[in-house]
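Peer 1: What follows is a single structure, and I will ask about it in a moment.
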Amino acid sequence: MEMERIYEIASDAASRLRALAGGSISIGLVLGSGLGEYAERLAGKKTLSYQDIPGFPVSSVKGHNGQFVIGNLGEKKVVVMQGRFHFYEGYDREMLLLGVRSMKLLGVEYLLLTNAAGGVNLSYEPGTLMSICDHINFAGVNPLIGKNDDRFGVRFPDQGNVYDRELRKELMDLSEKMGIPLREGVYMMMSGPSFETPAEIRMARTLGADAVGMSTVPEAIAANHCGIKTLGISLITNMAAGVTDQKLTHEEVSLIAKQSSERFERLVDAIVTEVF
Ligand code: HPA
Numbered sequence: 026m027e028m029e030r031i032y033e034i035a036s037d038a039a040s041r042l043r044a045l046a047g048g049s050i051s052i053g054l055v056l057g058s059g060l061g062e063y064a065e066r067l068a069g070k071k072t073l074s075y076q077d078i079p080g081f082p083v084s085s086v087k088g089h090n091g092q093f094v095i096g097n098l099g100e101k102k103v104v105v106m107q108g109r110f111h112f113y114e115g116y117d118r119e120m121l122l123l124g125v126r127s128m129k130l131l132g133v134e135y136l137l138l139t140n141a142a143g144g145v146n147l148s149y150e151p152g153t154l155m156s157i158c159d160h161i162n163f164a165g166v167n168p169l170i171g172k173n174d175d176r177f178g179v180r181f182p183d184q185g186n187v188y189d190r191e192l193r194k195e196l197m198d199l200s201e202k203m204g205i206p207l208r209e210g211v212y213m214m215m216s217g218p219s220f221e222t223p224a225e226i227r228m229a230r231t232l233g234a235d236a237v238g239m240s241t242v243p244e245a246i247a248a249n250h251c252g253i254k255t256l257g258i259s260l261i262t263n264m265a266a267g268v269t270d271q272k273l274t275h276e277e278v279s280l281i282a283k284q285s286s287e288r289f290e291r292l293v294d295a296i297v298t299e300v301f
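Note that the sequence shown covers residues 26 to 301 in my numbering.
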């Protein structure tokens with residue numbers, strides 16, 4: 026798809042959201058598998074379904090509703106993507122830029138990306154919350170391939186601080202203060218949709234990954250490109266392949282995510298109200 030068309034779709038989405046919100050919004054959240062319920066916490070909730078935005082992809086994964094939700098958390102106005110787009114759904118890679126770019130045009134300056142992930146680090150058991158300190162893009166694709174849109178950022182963006190160092194520090198201090206255990210780690214993205222093999226997970230561990238998943242990295246690349254300060258939180262829902270002989274299923278991932286939602290929600294509340 027043409028660069029110009031992506032811009033048009035994103036600006037259309039942003040103006041619809043701005044009309045709905047009665048102004049700009051500076052905080053964005055992307056909710057991962059099993060974590061979508063967080064949006065229910067917002068006051069004065071309004072929604073915009075992806076299918077009502079011409080040209081916008083529609084999320085096809087169970088547990089991903091496919092809509093923007095706007096609302097308030099305390100004093101703060103927030104825009105949430107409830108449901109995201111994944112490479113494995115078969116979208117053209119530049120479609121993965123749309124959500125973040127729509128948020129950018131809406132005024133978003135701070136973004137929290139969340140996901141359910143497999144624990145590669147052997148001490149990261151199901152239920153562990155991990156602040157993403159860096160990523161390894163192992164999906165084989167970069168969403169910025171294609172003509173660069175200079176309105177968003179430079180052709181060759183630096184990626185030394187994709188998950189903002191200062192915000193991460195504040196987040197670690199805050200989680201400690203709240204008594205919510207939070208680890209830091211490297212997230213490796215695989216394209217999916219098949220889960221990894223045990224050999225792939227051993228490779229991931231050797232290469233320095235702590236968690237593995239099928240999302241987040243395209244959005245983080247897009248956000249970094251356009252200068253949005255970003256944090257990432259992985260909820261470890263399972264030990265990655267080969268660590269135990271338990272079979273991996275999407276249902277299990279969603280179930281464990283739901284069971285850990287109380288801690289996750291408290292932490293996200295604190296990020297929105299105190300870090301952003
Ligand atoms: N692998 C990839 N993606 C995932 C996993 C996993 O083990 N768990 C949750 N999302």
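From the three backbone atoms N, C-alpha and C, an ideal C-beta is built for every residue, glycine too.
Whole angstroms are fine: how far does the CA of residue 40 sit from the CA of residue 69?
Peer 2: In a straight line, the C-alpha of residue 69 is about 19 Å away from that of residue 40.
Peer 1: Taking the beta carbon of residue 293 as the centre, do at least 16 other beta carbons fall within 10 Å, making it buried, or is it exposed?
Peer 2: So residue 293 ends up on the buried side.
Peer 1: Does the beta-carbon of residue 112 have 16 or more other beta-carbons within 10 angstroms, so that it is buried, or is it exposed?
Peer 2: Answer is buried; the Cβ neighbour count reaches 16.
Peer 1: Taking all protein chains shown into account, do 16 or more other C-beta atoms lie within 10 angstroms of the C-beta of residue 126, making it buried, or fewer, making it exposed?
Peer 2: Residue 126 should be labelled buried.
Peer 1: Kindly indicate the opening and closing residues of the alpha helix (DSSP H) around residue 135.
Peer 2: Element bounds for residue 135: not the alpha helix (DSSP H) but the beta strand (DSSP E), 135 to 144.
Peer 1: Can you look up residue 23 in the DSSP assignment and give me helix, strand or coil?
Peer 2: Any property of residue 23 remains undetermined from this structure, which presents the chain solely from 26 to 301.
Peer 1: Short of 7 Å in beta carbon distance, which residues of its chain neighbour residue 116, apart from the five on each side in sequence? Order them along the chain.
Peer 2: 82, 110, listed in sequence order.
Peer 1: Is residue 163 near the ligand ZN, going by C-beta to nearest heavy atom under 7 Å?
Peer 2: This structure lacks the ligand ZN; the ligands present are the ligand HPA.
Peer 1: In whole angstroms, what is the alpha-carbon distance linking residue 244 and residue 189?
Peer 2: If I take the Cα positions, the gap works out to 14 Å.
Peer 1: Taking the Cβ atom as the reference point for each residue, do residue 286 and residue 60 lie within a distance shorter than 8 Å?
Peer 2: Contact: yes.
Peer 1: Between the C-alpha atoms of residue 186 and residue 194, what's the straight-line distance to the nearest angstrom?
Peer 2: Whole-angstrom Cα-Cα distance: 13 Å.
Peer 1: May I ask you to verify whether the region 244 to 263 touches the region 153 to 161, counting CB pairs closer than 8 Å and requiring at least 3?
Peer 2: Touching, yes.
Peer 1: If contacts are defined as beta-carbon pairs under 8 Å, then residue 46 and residue 102 qualify, I think. What distance do you get, rounded to the angstrom?
Peer 2: Indeed, because the Cβ distance is near 6 Å, the residues count as touching under 8 Å.
Peer 1: Would you call residue 138 buried or exposed, if buried means 16 or more other Cβ atoms sit within 10 Å of its Cβ?
Peer 2: Under this definition residue 138 is a buried residue.
Peer 1: Alpha carbon to alpha carbon, how far is residue 283 from residue 48? Give it in angstroms, no decimals.
Peer 2: Each residue's Cα considered, the two are about 32 Å apart.
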